[in-house]
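A quick write-up on the structure given underneath.
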Amino acid sequence: MSDYILTTERLGLRRWLDSDIQPFAEMNKDVDVMRFFPKSLTDRETSEMVQRIKLHFDENGFGLFAVENKLTKKIIGFTGFAVPTFDAFFTPCVEIGWRYKKEAWGQGFATEAANACLKYGFDILEFDKVVSFTSIINVKSENVMRRIGMNYVGEFDHPKVEQNSRLRRHILYQINTKQL
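Have a look at this one:
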């Protein structure tokens, strides 16, 4: 019996297990993986993040899925939904996001998982619209947004990123049910 909530040809998306925390912590300490975030995370910060993700699932019925490679049965990152906790011209909203360990890059995993999540979000969770955002210098993530059918909306300064940070300026994409 699988614990997967969603599956694709190569991936299983599921809720988080305590055994996911250590490999996720290793990923969150990788400076290349965290290049477009304000900082790498400590083990404790990663553990706290996983607890917040679990709580988000409990409170909202959706969240950021742990993504497992079905062949290796190892966690390779996450993809899923979150409700941003800051005020902006587009909030409140549902965001789709992803993060993968370096060894998983360039294999289409983020696109594959995000497409499955969008289908689930629109068909099962009945979202009207989903947004995604990242620093304007994160071209690879922006390319995933385009590949999954999202459209460019504009730019904004992320209120939780320091004013003088090169990561503060963000791009915003969105997709709605009419685009599918």
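Quick note on numbering: the sequence shown equals residues 1 to 180 in UniProt numbering.
Heads up, the beta-carbon is just placed ideally off N, CA and C, and yes, glycines get one too.
Exercise for the section: Mind the definition here: the stretch 28-39 touches the stretch 78-95 only if three or more C-beta pairs lie below 8 Å; say whether that holds. Expected result: no
Handout entry: Completely contained beta strand (DSSP E) runs for the stretch 89-120, where each covers 3 or more residues
Key = 95-100
Practice task
Identify which residue in Pro159, Glu155, Leu167 and Ile175 has its Cα closest to the Cα of Trp147.
Solution key: One point to set straight first is that residue 147 is Arg, not Trp, in the sequence displayed. Comparing Cα positions, the closest option is Ile175.
Handout entry: Contacts around Pro23, its chain only, beta-carbon distance under 6 Å, and the 5 residues preceding and following it disregarded
Key = Ile75
Handout entry: Test item: CB-CB of Arg14 and Tyr4 under 7 Å
Key = yes
Exercise for the section: Establish whether the CB of Ile137 and some CB of chain D are separated by less than 7 Å. Expected result: In summary, chain D is missing from the structure at hand, where a single protein chain is found.
Problem - Own chain partners of Ala88 with C-beta closer than 6 Å, once the 5 adjacent residues on each side are dropped - result: Phe156
Exercise for the section: Could you tell me which uninterrupted alpha helix (DSSP H) segments, each at least 4 residues in length, are contained entirely in the stretch 34-80, listed from first to last along the chain? Expected result: 43-60
Practice task
Look up Ser165 in the DSSP assignment and say whether it is helix, strand or coil.
Solution key: coil
Problem - the stretch 127-140 / the stretch 161-173 touching (three or more Cβ pairs under 8 Å) - result: yes
Exercise for the section: Within 10 angstroms of the Cβ of Phe127, are there 16 or more other Cβ atoms? Answer buried if so, exposed if not. Expected result: buried
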